[in-house]
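For what it's worth, the UniProt record's numbering labels the leading residue of the sequence shown as 1, then goes sequentially. Shown next, in structure tokens, is the structure this report addresses.
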Amino acid sequence: RKDNAHTGEWVSAVGSFIFTDLVVSGSCDGTLRLWKVTEDSKLLLVKTVPIVGYVNAICPLRSGKGIVLAVAQEHRLGRWGRIRAARNGLHVVSLEATQAAAEEEDGEGVVESDGDEEEEDEDEEAGDEDGDEGEGDDEDEDED
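Okay, here's the thing in structure tokens:
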């Protein structure tokens with residue numbers, strides 16, 4: 001067993017980002033893991049995201065900016081165990097900061113970023129988007 005693999009629990013869901021070397025795995029061990037596949041087909045842990053419950057399905061977004069997870073109290077194929085603290089539903093995990101940090105690192109270990117540079121860029125972009133949204137809101141008011 002690898003030290004950075006899921007901790008003795010079954011991997012209950014996997015997914016991959018199209019046209020990339022990134023794969024995602026989920027289990028009931030409290031984590032969602034993002035992996036980079038190397039040229040020699042080894043997995044390097046890029047990011048660990050805490051999740052409460054069984055990860056029953058993983059759907060990476062085509063944009064590569066996030067992952068949609070189906071999480072539940074029980075495994076989708078049976079009732080072998082139950083995590084009462086979990087809530088059945090969908091979870092969306094944003095990966096924009098994770099991908100930027102992964103490109104800067106060599107992919108070994110968990111990548112952690114303080115996100116200062118990324119936050120500044122996102123704030124500038126958000127300002128542009130807010131301006132566009134505000135104009136759209138004014139147009140809606142004119143229609144009333």
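Backbone N, C-alpha and C define an ideal beta-carbon position, used for all residues, glycine too. In this text, all values refer to a predicted model and were calculated from it rather than measured experimentally.
Subject >> Buried versus exposed, by CB contacts within 10 Å (16 or more), P60 >> reply: For this step, residue 60 is matched to residue 60 along the sequence shown. Buried is the call here.
Original post:
Roughly how many whole angstroms lie between the Cα atoms of L43 and V71?
Top reply: Translated into positions along the sequence shown, residue 43 becomes position 43. Translated into positions along the sequence shown, residue 71 becomes position 71. Each residue's Cα considered, the two are about 24 angstroms apart.
Subject >> Rounded straight-line distance, which links the Cα of G81 to that of K65 >> reply: In the sequence shown, counting from the first residue as 1, residue 65 sits at position 65. In the sequence shown, counting from the first residue as 1, residue 81 sits at position 81. Rounded to whole angstroms, K65 to G81 spans 32 angstroms at the Cα level.
Subject >> Identity of the residues DSSP links to E28 by a beta bridge >> reply: Sequence index remark: in the sequence shown, residue 28 carries index 28 (1-based). Residue identity check: residue 28 is Cys in the sequence provided, not Glu. Its beta-bridge partners do not exist; DSSP assigns none.
Original post:
Would you report the Cα separation of H91 and D21, rounded to the nearest angstrom?
Top reply: Residue numbering aside, residue 91 sits at position 91 when the sequence shown is read from its first letter. Residue numbering aside, residue 21 sits at position 21 when the sequence shown is read from its first letter. Distance between the alpha carbons of H91 and D21: 23 angstroms.
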